[in-house]
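Everything below concerns the one structure shown next.
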Amino acid sequence: MIHYGRDKDKKKVLELLFEQRKDSLKKFGIEVSLKELFGYYGILK
Numbered sequence: 000m001i002h003y004g005r006d007k008d009k010k011k012v013l014e015l016l017f018e019q020r021k022d023s024l025k026k027f028g029i030e031v032s033l034k035e036l037f038g039y040y041g042i043l044k
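Following numbering that gives the first Met the number 0, the numbering of the sequence shown begins with 0 at its first residue and continues without gaps.
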C-alpha cells in the first residue's frame, strides 16, 4: 500500500521500515540509502 499513499505518508512509513531493516539489508549485501529508497518510490523531497 505504500505505492498509493501521499508522499508525506510514504516518507514516514519508509523511514520507519528503513530504520528497522537497514542492518538486515546490509547483511544480505543490499546497500541502499534512505534518499535512494525515496527515489524508488517517487518521493523527490
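Backbone N, C-alpha and C fix where the C-beta goes; we use that ideal spot for every residue, glycine too. Fair warning: this is a prediction, and the values are worked out from it, not measured in the lab.
- Shown here, Lys10 sits in a helix according to DSSP, grouped into three states.
- The C-beta separation of Lys11 from Ile42 comes to about 11 Å, leaving the pair out of contact by the 8 Å criterion.
- For Lys34, the enclosing alpha helix (DSSP H) starts and ends at 33 to 39.
- DSSP, reduced to helix, strand and coil, places Phe27 outside both helices and strands of the structure shown, so it counts as coil.
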